[in-house]
Amino acid sequence: MLANFTEDKDLGQIRVIASDMDCTLLADDGSMPPHMDALIRKLDAAGITFCAASGRPNYTLAEMFPEIQNQMALMSDNGAAIYCRGKLIYESLIPVEQYQDMIRYTLADGRGCPTVCGIEACYIRSCDERYDNYFRTFYKKIVYMDDLTELDRDVNKYTVFFPDNNSEEVYRETYRDAWSDRYTVTNAGKMWIDMMNPGVDKGSALARLCEYLGVDIADSCALGDTYNDIQMLEAAGHGCVVANAEEHMHAHADWLAPSNNDRGVVTVIDTILQAQKAA
Numbered sequence: 001m002l003a004n005f006t007e008d009k010d011l012g013q014i015r016v017i018a019s020d021m022d023c024t025l026l027a028d029d030g031s032m033p034p035h036m037d038a039l040i041r042k043l044d045a046a047g048i049t050f051c052a053a054s055g056r057p058n059y060t061l062a063e064m065f066p067e068i069q070n071q072m073a074l075m076s077d078n079g080a081a082i083y084c085r086g087k088l089i090y091e092s093l094i095p096v097e098q099y100q101d102m103i104r105y106t107l108a109d110g111r112g113c114p115t116v117c118g119i120e121a122c123y124i125r126s127c128d129e130r131y132d133n134y135f136r137t138f139y140k141k142i143v144y145m146d147d148l149t150e151l152d153r154d155v156n157k158y159t160v161f162f163p164d165n166n167s168e169e170v171y172r173e174t175y176r177d178a179w180s181d182r183y184t185v186t187n188a189g190k191m192w193i194d195m196m197n198p199g200v201d202k203g204s205a206l207a208r209l210c211e212y213l214g215v216d217i218a219d220s221c222a223l224g225d226t227y228n229d230i231q232m233l234e235a236a237g238h239g240c241v242v243a244n245a246e247e248h249m250h251a252h253a254d255w256l257a258p259s260n261n262d263r264g265v266v267t268v269i270d271t272i273l274q275a276q277k278a279a
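Residue numbers for the sequence shown follow the UniProt record's numbering, beginning at 1 and rising by one.
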C-alpha cells in the first residue's frame, strides 16, 4: 500500500504542481475547491507554478480559471497543448488525413461517438447532439456536423465517447492494438478513449513545462486518478494518486493523497507551502 504523502520529506523543494481535473481536483459533482484562485496566487507568490492538466481543451480550461490564467499553466488535450501564464509554449496538431482515418475507424466499429477536438471548437456528429448536456461539461464550444468526414480544421486530439461506459473494454479489444503503434492511445475514464500524436501525453507535457520554466522535473508534483494520468505520475519527482483512484493506479505513483471529495489536491498544496516555509 502507498504511504501517505505527508511522509514525503522533500515537499519543500517542489516548484511545479500539475493536477488532473476530473475526479482529482474537481469533486464528483464537478465543483472546484473553494478559493482555488487565491491558492494559485499564493503558489505563484511562493515561486511554485500550478498546472491544470486535463484531457479537456484549452478553451474549456481557460473558462474554469478566468481570473488567474496569467499566474498558472494550462495543459490541455492530454498534453497536446501547453500554455504557461497565457503564452502558448507547445502544440501538436494531428494531420487532417490522419484524424479522418480515425473518424472512419470509429464509424466502422459502431460502438462510440467520434469527437474531434479542434483548437477552436469540438466537432461532433449532429446525430449525437442528444448527449449535448454531457458534452458541454467538457467542451464549451461545440460544432455539430452532419458529416465529420468533411472536416478540415486544426485538431490536436481525437476522442471517442462511449455512452455505455464500455471504453475500457473497447480499448482492449480494438483501439489499443489498431492504433498504439502510431499514436498515443489511452482511456480517460470509462466513457472516453483519447488519441494524440506519438509522444504526446501528460508526462511528456510535464517535462516540457518544467524545461520551459527551468525546473528540474524531480522538483515537480503530479496528482491524478486514472489511465491518462499514468505518464504524468511516473514522470514527476513526486507522484500522488488520490484515494478515490482504482487500486491499479497505485503502481504508478509514489504517494497517496486524500480523495477528490475530501479536497486532496488542496491538502497537498497546503502541505507543500508549509514545507517550503519550514525549509
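Note that the Cβ used here is the ideal one computed from N, Cα and C, for glycine as well.
Taking all protein chains shown into account, do 16 or more other C-beta atoms lie within 10 angstroms of the C-beta of alanine 45, making it buried, or fewer, making it exposed? Within the sequence shown, residue 45 is the residue found at index 45, counting from 1. Classification of alanine 45: exposed, given that the 10 Å Cβ count is below 16.
With distances taken from CA atoms, which of Phe65, Asp109, Gly12 and Gly239 is nearest residue 302? The structure shown has nothing for residue 302, since the chain only spans 1 to 279.
Would you mind working out which of Leu93, Ala178, Val266 and Gln276 sits nearest proline 34, comparing C-alpha positions? Within the sequence shown, numbered from 1, the residue matching residue 34 stands at position 34. Ranked by Cα distance from proline 34, the first of Leu93, Ala178, Val266 and Gln276 is Val266.
Could you tell me whether the region 190 to 202 touches the region 147 to 155, where touching means 3 or more Cβ pairs closer than 8 Å? These segments do not touch.
Along the alpha helix (DSSP H) that carries serine 204, what are the first and last residues, could you check? Along the sequence shown, one-based indexing puts residue 204 at 204. DSSP places serine 204 in the uninterrupted alpha helix (DSSP H) bounded by 202 to 213.
Backbone CA spacing between alanine 245 and glutamine 98 [nearest angstrom]: For this step, residue 245 is matched to residue 245 along the sequence shown. For this step, residue 98 is matched to residue 98 along the sequence shown. Between alanine 245 and glutamine 98, the C-alpha separation is close to 33 Å.
Taking DSSP as the reference, what is the three-state secondary structure of arginine 176? Locating residue 176 in the sequence shown gives position 176, counting from the first residue. Arginine 176: helix per DSSP, three-state reduction.
Helix, strand or coil: which one does DSSP assign to phenylalanine 161? Along the sequence shown, read from residue 1 onward, the residue named residue 161 stands at position 161. Strand, per DSSP.
If you draw a straight line from the alpha carbon of valine 241 to that of isoleucine 17, how long is it in whole angstroms? In the sequence shown, the residue the question calls residue 241 occupies position 241. In the sequence shown, the residue the question calls residue 17 occupies position 17. Straight through space, the alpha carbons of isoleucine 17 and valine 241 are spaced by roughly 13 Å.
Check for me: the beta strand (DSSP E) holding residue 307 runs from which residue to which? With the chain covering 1 to 279 only, the question about residue 307 has no answer from this structure.
Throw me the rounded Cβ distance for the alanine 52 and methionine 21 pair, which I believe falls under 8 Å. Taking the first residue of the sequence shown as 1, we reach residue 52 at position 52. Taking the first residue of the sequence shown as 1, we reach residue 21 at position 21. Contact between alanine 52 and methionine 21 holds, with the beta-carbon distance rounding to 6 Å and staying under 8 Å.
Could you tell me which uninterrupted alpha helix (DSSP H) segments, each at least 4 residues in length, are contained entirely in the region 94 to 149, listed from first to last along the chain? Qualifying alpha helix (DSSP H) stretches, in chain order: 96 to 109 and 132 to 138.
Assuming tyrosine 175 contacts isoleucine 193 (C-beta within less than 8 Å), just tell me the rounded distance between them. Here residue 175 refers to the residue found at position 175 when the sequence shown is read from its first residue. Here residue 193 refers to the residue found at position 193 when the sequence shown is read from its first residue. Indeed, because the Cβ distance is near 5 Å, the residues count as touching under 8 Å.
Short Cβ contact (8 Å threshold) for glycine 112 with phenylalanine 161: Within the sequence shown, residue 112 is the residue found at index 112, counting from 1. Within the sequence shown, residue 161 is the residue found at index 161, counting from 1. Between glycine 112 and phenylalanine 161, the CB-CB gap stays under 8 Å.
Give me the Cα-Cα distance between cysteine 84 and tyrosine 227, rounded to the nearest whole angstrom. Walking along the sequence shown from the start, residue 84 turns up at place 84. Walking along the sequence shown from the start, residue 227 turns up at place 227. About 24 Å.
So, is valine 96 buried or exposed, given that buried needs 16 or more other C-beta atoms within 10 angstroms? Translated into the one-based positions of the sequence shown, residue 96 becomes position 96. Only exposed fits valine 96, as fewer than 16 other CB atoms lie within 10 angstroms of its CB.
For asparagine 261, report the span of its alpha helix (DSSP H) as first-last. Position 261 of the sequence shown, counted from the first residue, corresponds to residue 261. It is not in any alpha helix (DSSP H) - asparagine 261 carries neither H nor E in the DSSP assignment.
When burial is assigned at 16 or more other CB atoms within 10 Å of the CB, is aspartate 29 buried or exposed? Position 29 of the sequence shown, counting from 1, holds the residue named residue 29. Result: exposed.
Quick check on threonine 137: buried or exposed, where buried means 16 or more other Cβ atoms within 10 Å of its Cβ? Reading the sequence shown from its first residue, position 137 is the one you call residue 137. Sixteen is the threshold: since fewer than 16 other Cβ atoms of the shown chains lie within 10 Å of the Cβ of threonine 137, the residue is exposed.
Residue interval of the beta strand (DSSP E) (run including asparagine 78): Walking along the sequence shown from the start, residue 78 turns up at place 78. Neither: asparagine 78 is in no beta strand (DSSP E) and is coded neither H nor E.
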